[in-house]
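Each residue of the sequence shown is one higher than the last, beginning at 138 in the working numbering. Virtual Cβ for every residue (Gly too), placed ideally from N, Cα, C. Read through the structure below, which is laid out as structure tokens, and then see the notes.
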Amino acid sequence: MTWEYNQSTGELKHNGQLFRQGYSGHGAGINNPAMESVNSQGPIPKGYYRITGAHNTVTPVTIILEPILGTNTYGRDLFRIHGGSRSGGRTASNGCIIIDGVSNREQIMNSGDTILVVK
């Protein structure tokens, strides 16, 4: 099955069921589909992404998202799912999807489902 992220609400669903609430984008770009083409500010662009692995560079269990052929990223890259800033607030995303809680990101990785649809 698939993961689905709603660009305007920040809802992350798995197999049609709400999994967690997050956000993508920075400042005026947070969950703002009209700004998906704006580098370092808009949310992750709509399309299809493959979950290809994880690392611990940004936050523990930072999930790597690779756009699938046909997804228009407007020249943007390095999309990830990672945790928020330690200071709180919604300042941790320059286009990545922010889902707090290491265990939540581990569940994504352990689900076996490797496709994320951004709508």
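Check: With distances taken from CA atoms, which of Asp214, Gly238, Arg242, Leu253 is nearest Ser174?
Finding: Asp214
Note to self: Output needed for Phe156: all residues of its chain with C-beta closer than 7 Å, excluding positions within five of it in sequence on either side, in chain order.
What the structure shows: Leu149, Lys150
Notebook entry, point to check: If you follow the beta strand (DSSP E) that Glu243 is part of, which residue opens it and which one closes it?
Noted result: Where Glu243 is concerned, there is no enclosing beta strand (DSSP E), although the alpha helix (DSSP H) it sits in stretches over 239 to 247.
Item checked: Own chain, CB closer than 8 Å to Gly238, minus 5 neighbours either side, in chain order -> Arg157, Gly220
Next item on the list: Pick helix, strand or coil for Pro197, following the three-state DSSP scheme.
Entry: coil
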